[in-house]
Amino acid sequence: MKIFGYQLPNMSSLILWGLLWETVGQLELTFFLPPLSAIFATLLEIGGTPAFLKALRETAEAFAIGTTAAIVIGVPVGILMGKSRLIDELLLPWVNIFLSAPLTALVPVLMVLFGFGITAIVITTALFAIWIIVLNARAGVMQINPSLVEMAHSFGASRFDAFTKIYFWAALPEILGGVRIGFIRAVKGVIIGQLLISVVGFGSLFEIYASNFLMKHFWAVLLVLFSLSFLIAEFLAWLERKVEYYAASRQ
Amino acid sequence: MNTTITENAVAVRNVYKNYGDVEALRDLSLDFPKGQLTSLLGPSGCGKTTLLKIIAGLLPANSGEVLVNGQPVSGPGPDRAFVFQDFALMPWASTIRNVAFGLELRGVAKSEREAVAEKYIAAVGLKGFENSYPHELSGGMRQRVGLARALSVNAEVLLMDEPFSAVDEQTRRKFQEDLLGLVQNENKTFLFVTHSIEEAVYVSDQVAILLPRPSRVSEIIRPQGFRNKDVDSIRRDPEYLDLVDKIWASLRSYVE
Ligand SMILES: Nc1ncnc2c1ncn2[C@@H]1O[C@H](COP(=O)(O)OP(=O)(O)OP(=O)(O)O)[C@@H](O)[C@H]1O
Ligand SMILES: [Mg+2]
């Protein structure tokens, strides 16, 4: 953005919105929106408390396990779908259904199947993330340059070699794109899980703060959550840009 | 010319190939003498790439057989290496890893395969570009990487599908001269597909002319007089000029 010929740093519009928020908050128009400065003060206050750190750890743990599972299962499945017509025809309808299905409605089923513990939360998280990861890995493989595959075979690559040395790397830009979107969805998954299944982690903080009308606390946790997911998404976008140069050199 | 089985590095015997309803090759037989360069010349879509891929073991024939050193081909093997028209380099890998890739797939240790790769990178004139990536190289340099990769596995038979068609004219001429040097020094058998009559006559020990689909060999031409001449004088040699004219005369009727 440029104002009066000056190049403003990225996201400087956030400052404007922050000021607006502060003003509205200071006017005390609604209890729902405390001033931004008060929220940051609360954040500093609760940021170091054991309750907050425990919640952060619980959420991060469920998120990490869930997304790792989504990647470890989703990427190979997507690559296999891209390689094999048969597997593709078997799985694609399901992937598409789950991609667009309202997964929140499935959470009660997961609770019946897996109980009220961390397992159900992790599975919810993975379920939110995995479908787009599968679809993107599949798309990456489908547009691979066929002569690259022929090259590998002509030099004697086994199926496993072709999988790990060609397909995976050729699809990497798309895979990373899928992982980025999958992670954003997983944030949704983990919070929904922690609100609906068992009230732990950030979900429990939201629950406690909202039901006690502790709006400053509520916003403080929300800001932390937003910043974390923003940072993760930005990091993955950066990784994606790093490998983009070779996406362009594929025909 | 009496060619017996043992003198042929590759022998194609009565090969048929259909793609669904499209009959690409019909009863094609052709011998490729050891240590020589044979080019396949023919109208677009006549099945040159198909034949080369069948010999490479990348495509199965519907019937007939391909013998490499007398052994029937059932798939890709270490006795053959392919040079691709579009280079087929891994964009995420450096020059040295691309060149060493054939050896990597054979399980050769990293230091050993990189030593071999370095040697061939230098041989094709790319010394100093070992750690460059394909997107940092020109088209001509990329094909040199593809060539170095094929050479570094030390296969007896090199299969080249229009290797120079994606590079500019000056580079192409340089490649053709280098190719003549390779045929002389490397003691390998070269199978070379090209669209260019001049190129075929310039580099070949024998030129096989294929007819339009369903394809078979219509004529085999062996340049005699100028093969051992200096690379610069070949293009002015009367036999060279005559052969180019003669091949054009037999192909022109198939070009609208
Ligand atoms: N995978 C395929 N499926 C169906 N038909 C094919 C396939 N590959 C090739 N063909 C057909 O077989 C014929 C021979 O193709 P091929 O690529 O071998 O020709 P070519 O001589 O290499 O042509 P060019 O000089 O244009 O490269 C063509 O008519 C082509 O349309
Ligand atoms: Mg072709």
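So the protein sequences, as listed, match chains A and B. According to our numbering, the first sequence is numbered sequentially starting from 31. According to our numbering, the second sequence is numbered sequentially starting from -9. No residue lacks a Cβ here, since even glycine has one placed at the ideal position from N, Cα and C.
Helix, strand or coil, according to DSSP, for B/Q166 in the structure here?
DSSP places B/Q166 in helix when its eight states are reduced to three.
Could you spell out where the beta strand (DSSP E) holding A/L38 opens and where it closes?
Careful: A/L38 lies outside any beta strand (DSSP E) and carries neither H nor E.
Just to confirm the assignment, what range does the beta strand (DSSP E) spanning B/G54 have?
53 to 58
Spell out whether any CB of chain B is found under 7 Å from the CB atom of A/E270.
no
Quick one: what's got a C-beta closer than 8 Å to B/A(-1)'s C-beta in the same chain, skipping five residues either side?
Apart from the 5 residues on each side of it in sequence, B/A(-1) sits with its Cβ closer than 8 Å to the Cβ of F22, P23, K24, G25, V58, N59, E146, V147, T179 in its chain, given in chain order.
Which residues in chain B have a C-beta closer than 8 Å to the C-beta of A/G96? List them in chain order.
Those do not exist, as A/G96 stays about 28 Å from chain B at its closest Cβ, beyond 8 Å.
List, in order along the chain, the chain A residues whose C-beta lies closer than 8 Å to that of B/V143?
F185
Three-state secondary structure (DSSP) of B/F119:
coil
Are A/V152 and A/G96 close, meaning C-beta to C-beta below 7 Å?
Going by beta carbons, A/V152 and A/G96 fall inside the 7 Å limit.
Can you list, in chain order, the residues of the segment 76 to 89 of chain B whose Cβ is nearer than 9 Å to any Cβ on chain D?
Of the protein chains in the structure, A and B, none is chain D.
Exposed unless 16 or more other CB atoms sit within 10 angstroms - verdict on B/S205:
Per the 10 Å Cβ criterion, buried.
I'd like the list of long-range same chain contacts for B/G10, defined as Cβ closer than 7 Å, with 5 residues on each side in sequence excluded.
none
Does chain B have any CB closer than 7 Å to the CB of A/M181?
yes
Is B/Y123 near ligand 1, judged by its Cβ being under 6 Å from some heavy atom?
Because no heavy atom of ligand 1 lies under 6 Å away, the Cβ of B/Y123 does not count as near it: no.
With DSSP collapsed to three states, give me the class of B/P23.
strand
Cut-off 6 Å between Cβ atoms - residues of its own chain near B/F119, not counting five sequence neighbours on either side
T85
So, is B/A1 buried or exposed, given that buried needs 16 or more other C-beta atoms within 10 angstroms?
buried
Cα-Cα separation between A/G208 and A/R168, rounded to whole angstroms:
10 Å
When the cut-off is 7 Å and only beta carbons count, does A/D191 lie next to chain B?
yes
Alpha carbon to alpha carbon, how far is B/D168 from A/W199?
33 Å
Kindly provide the ranges of any beta strand (DSSP E) runs that are 3 or more residues long and lie completely inside the segment 44 to 106 of chain A, ordered along the chain.
none
Roughly how many whole angstroms lie between the Cα atoms of B/F72 and A/L269?
34 Å
If I follow the unbroken beta strand (DSSP E) through A/T134, where does it start and stop?
Counting along the chain, A/T134 falls outside any beta strand (DSSP E), and DSSP gives it neither H nor E.
Neighbourhood of A/M141 by C-beta, 8 Å cutoff - its chain only, sequence neighbours within 5 removed
A150, L226, I227
At which residues does the beta strand (DSSP E) containing B/N8 begin and terminate?
-2 to 9
Using beta carbons (cut-off 7 Å, strictly below), is B/A276 in contact with chain A?
No statement about residue 276 of chain B is possible, as the shown extent of chain B runs from -9 to 246 and does not include it.
When you compare the CB positions of B/L95 and A/F158, do they come within less than 7 Å of one another, or not?
no
So which of B/R134, B/N177, B/L149, B/L170 has the shortest CA-CA distance to B/S157?
As written in the sequence, residue 157 of chain B is Val, which differs from the Ser given in the question. Considering only alpha carbons, the answer is B/R134.
Rounded to the nearest angstrom, how far is the Cβ of B/V173 from that of B/P68, given a contact under 8 Å?
Contact flag wrong, Cβ pair sits at about 21 Å.
Residue range of the unbroken beta strand (DSSP E) whose run includes B/L149
147 to 151
Beta-carbon spacing of A/L110, A/I117 below 7 Å
Remark: C-beta atoms of A/L110 and A/I117 approach each other more closely than 7 Å.
Output the distance between the C-alpha atoms of B/T(-4) and B/A78, rounded to the nearest integer angstrom.
Residue confidence is low: B/T(-4) scores 47 on pLDDT, short of 50, so the model does not pin down where it sits. Its coordinate-derived value is still stated next. Computed Cα separation, rounded: 33 Å.
When burial is assigned at 16 or more other CB atoms within 10 Å of the CB, is B/E189 buried or exposed?
buried
Got a sec? Which residues, its chain only, sit under 8 Å from A/D191 by beta carbon, not counting five neighbours each side?
A182
Does B/G35 come within less than 7 Å of chain A when only Cβ atoms are used?
no
Cβ-based burial, B/M131 [other Cβ within 10 Å; buried from 16]
Counting Cβ neighbours within 10 Å, B/M131 comes out buried, since at least 16 surround it.
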